[in-house]
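Per my numbering, the very first residue in the sequence shown carries number 244; after that it's consecutive.
Note that the Cβ used here is the ideal one computed from N, Cα and C, for glycine as well.
So the structure is just underneath, and the comments pick up after that.
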Amino acid sequence: MTSSRQHDQTPLEGGNKAQKPEGMGRKVGVGMVWLMLNTAVGRAASFLALIPLGAWLTKGQYGVVAMAVAFSAFVQVFRDGGARRLLIQRGAAEYDSLVGPIFWMSLTFNIASAILMASLAPVAAAIFGTRDVIPLLLVIATFLPLSTPAMIYQAKLSIDLRFRALAQMTATVGVLRWGLAVLFVGILREPIGIVIPMPICAVVEGVWGYLIVRDKPWKRRAAIRRWGPIIKTCLWIVAGTLATSAYNQGPYIGLGVILAPAVVGVYYFGFQISKQVSILLQLNLQTALLPSFSRLQGDSKRQRAAVLRTIRLLTLISAPTSYLLLVIFRDVEQIIWGGKWAGSVPVVQLLCAALPMTILSAVPRSVLMSIGRFRQWSLLLGIDAAGVIIVATVAAYIFVGSTTIDVPTAIAISESVYITIATVIIAAISLRHVRVGVTDILAGVLPAIVVAGLTTGFAYALVAAAIPGATPLVRIIAISGASGVLWIVVARFALHTDLSDIVDVSPTIARRPARKLLCLARPASGEPNQSSD
């Protein structure tokens, strides 16, 4: 092992040199598949938890959760000082050099953030006009320092491309978190039950990560004199993290000031439902692409091929999933909550319509981070976040008290239109250095979107005409089955290459049965095609 003195003397500047690992496209693809398969368990747990949580908590209580989470997100931008992304971007070559100072610097930032959040809790109560947010913020504050070891271990697993182990860990912790949330809310019948599991799961994930990685970063030297250059490098990462928090949670600050908690709760509940698909794909994409693209620095040709392939495959997966949720959620809501959250149905449908574009936004973000363009990444994120906040706040202000359209629906319409347009523009700006423009992006997303839209719409119309008096459960099963069959048949001919690519990067055990089911020819070499790394 490299000595601590050597660690301290390793220069911070530079980043990874260009690498050309064998079959990088396949590694990314297989990594994403494992991440999605395993993280799907965590997302399923999150969705299933919403069933009892939606029944036990009132709309006003959900509004309190939305406001507390939104406020805490802005304090959490200083969590780990942005160093986790820097650690991943610099890769294995600089891990031993950076892990010591980054761990201790991150722990310091997390403790400071926890103190700041606890101190600002009364301020949040004054802004939102309810003291119910205070206990939630205090619990979230305890989570921040406890999450430091897990952050390091997640970064290490990403650097080593150990996506299967990373996904299994995060998925299991996700199941634990939502299981405990249901338990605590069931006992307390208060929104604080949703956040109590956070510090518990942080400890569990830290212990799990240690058992996999077997590294003790707390025994490394802090090398405080290196914090200055690290912080200077991470300033734009922190700015980007702030922008990300603003994008995801910022609208609820403005909505919490303008609207009643119950109205905010309706929109937040719908947003959480639609977000399940987005988190499943977007988080895993960034986890897989950031370390993988870091290894392709300096090879713009391979980067361009990887970007275009990722755009196509991601849309191929996200579009049918998003549109199916769009058409069946009204029946899902009726079965599970009996109309209690009917006001969230249009929100879910509208956000699902824009969901493929929302998920697509992860591609340019991952590419910019992987090559160390943190300033451009943070600036574009900031512009996008400002747009999301302004659009939501203006829509709420204009339509509050309207008798023609309810406020949550008006917000969802505005956000969907904005997201669709802004994603294409920002992606084109971000991906110029790999020669990917608007035409390339649209050519990558439109075929899959059109196929998914047509097959899902036709399946919905077919079921409505064939069994007009069907129960909600029968409609869900019939529409899901019909749209799935139609999509496979049409995609087999219209999107043959992309469908074959997905099979190529699937786990070995599923590859051969999938090829037989879809009647896809095997590559001439008998191995997955790696030409589009």
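Does the beta-carbon distance from residue i to residue j come in below 8 Å?
i: isoleucine 435; j: leucine 380; result: no
i: valine 425; j: alanine 292; result: yes
i: serine 587; j: glycine 513; result: yes
i: phenylalanine 352; j: arginine 322; result: yes
i: leucine 556; j: aspartate 744; result: yes
i: threonine 373; j: proline 472; result: no
i: methionine 310; j: valine 507; result: yes
i: proline 344; j: alanine 486; result: no
i: serine 561; j: valine 610; result: no
i: glycine 696; j: isoleucine 554; result: no
i: alanine 665; j: aspartate 627; result: yes
i: threonine 663; j: tyrosine 566; result: no
i: alanine 635; j: serine 613; result: no
i: proline 651; j: tyrosine 510; result: yes
i: alanine 414; j: valine 284; result: yes
i: glycine 483; j: serine 289; result: no
i: glycine 476; j: leucine 623; result: According to the sequence as given, residue 476 is threonine; it is not glycine. Going by C-beta atoms, threonine 476 is not nearer than 8 Å to leucine 623.
i: leucine 705; j: alanine 734; result: no
i: threonine 391; j: leucine 350; result: yes
i: serine 356; j: valine 318; result: yes
i: isoleucine 480; j: phenylalanine 617; result: yes
i: phenylalanine 572; j: arginine 463; result: no
i: glycine 630; j: tyrosine 661; result: yes
Following the continuous alpha helix (DSSP H) through residue i, name the residue where it begins and the one where it ends.
i: lysine 302; result: 302-318
i: leucine 738; result: Careful: leucine 738 lies outside any alpha helix (DSSP H) and carries neither H nor E.
i: threonine 647; result: Unbroken run through threonine 647: none, as it is neither H nor E.
i: aspartate 627; result: 617-642
i: threonine 351; result: 335-371
i: valine 446; result: 440-456
i: arginine 608; result: 605-613
Buried or exposed, going by whether 16 or more other CB atoms sit within 10 Å of the CB of residue i?
i: lysine 518; result: buried
i: serine 768; result: Only weak support is given to the placement of serine 768: the predicted model assigns it a pLDDT of 47, under 50, and the value that follows is read from those uncertain coordinates. Exposed is the call here.
i: proline 771; result: Here proline 771 scores only 43 on pLDDT, less than 50, and its place in the model should not be relied on; the value that follows carries that caveat. Buried, by the Cβ-count rule.
i: cysteine 444; result: buried
i: lysine 459; result: exposed
i: phenylalanine 642; result: buried
i: tryptophan 461; result: exposed
i: alanine 410; result: buried
i: lysine 759; result: exposed
i: serine 246; result: Note that serine 246 scores 41 on pLDDT, short of 50, meaning its location in the model is unreliable; the coordinates nonetheless yield the value given after this. So serine 246 counts as exposed.
i: serine 340; result: buried
i: valine 728; result: exposed
i: isoleucine 648; result: exposed
i: proline 264; result: No answer about proline 264 holds up, because its pLDDT of 41 lies below 50 and its placement is not dependable.
i: leucine 406; result: In the sequence as displayed, the identity of residue 406 is phenylalanine instead of leucine. Phenylalanine 406 comes out buried.
i: cysteine 762; result: exposed
i: phenylalanine 736; result: exposed
i: methionine 267; result: With a pLDDT of 49 at methionine 267, under the threshold of 50, the predicted position of this residue should be treated as unreliable, and no value is reported.
i: proline 756; result: exposed
i: serine 362; result: exposed
i: serine 645; result: exposed
i: arginine 457; result: exposed
i: glycine 582; result: exposed
i: lysine 399; result: buried
Give a yes or no on whether the minimum CB-CB distance between residue i and chain B is below 8 Å.
i: phenylalanine 512; result: Considering every chain present, this structure includes no chain B. It has just one protein chain.
Measuring from the CB of residue i, is there a heavy atom of the ligand SAM at a distance below 7 Å?
i: threonine 666; result: As for the ligand SAM, it is missing from this structure, which has no ligand bound.
**Start-end ranges of the alpha helix (DSSP H) lying completely within the region 459-513, minimum 4 residues** = Here the runs fully enclosed are 470-501.
**Asked** What runs of the alpha helix (DSSP H), each 4 residues or longer, lie entirely inside the region 558-598?
**Response** As for any alpha helix (DSSP H) of minimum length 4 sitting wholly inside the region 558-598, the runs are 588-596, ordered along the chain.
**Secondary structure, alpha helix (DSSP H): runs of 4+ residues fully inside the region 379-425** = Runs found: 391-402.
**Prompt:** Unbroken beta strand (DSSP E) runs of length 3 or more, entirely within the region 675-710: which are they?
**Reply:** Residue ranges of uninterrupted beta strand (DSSP E) with 3 or more members are absent from the region 675-710; none lies entirely inside it.
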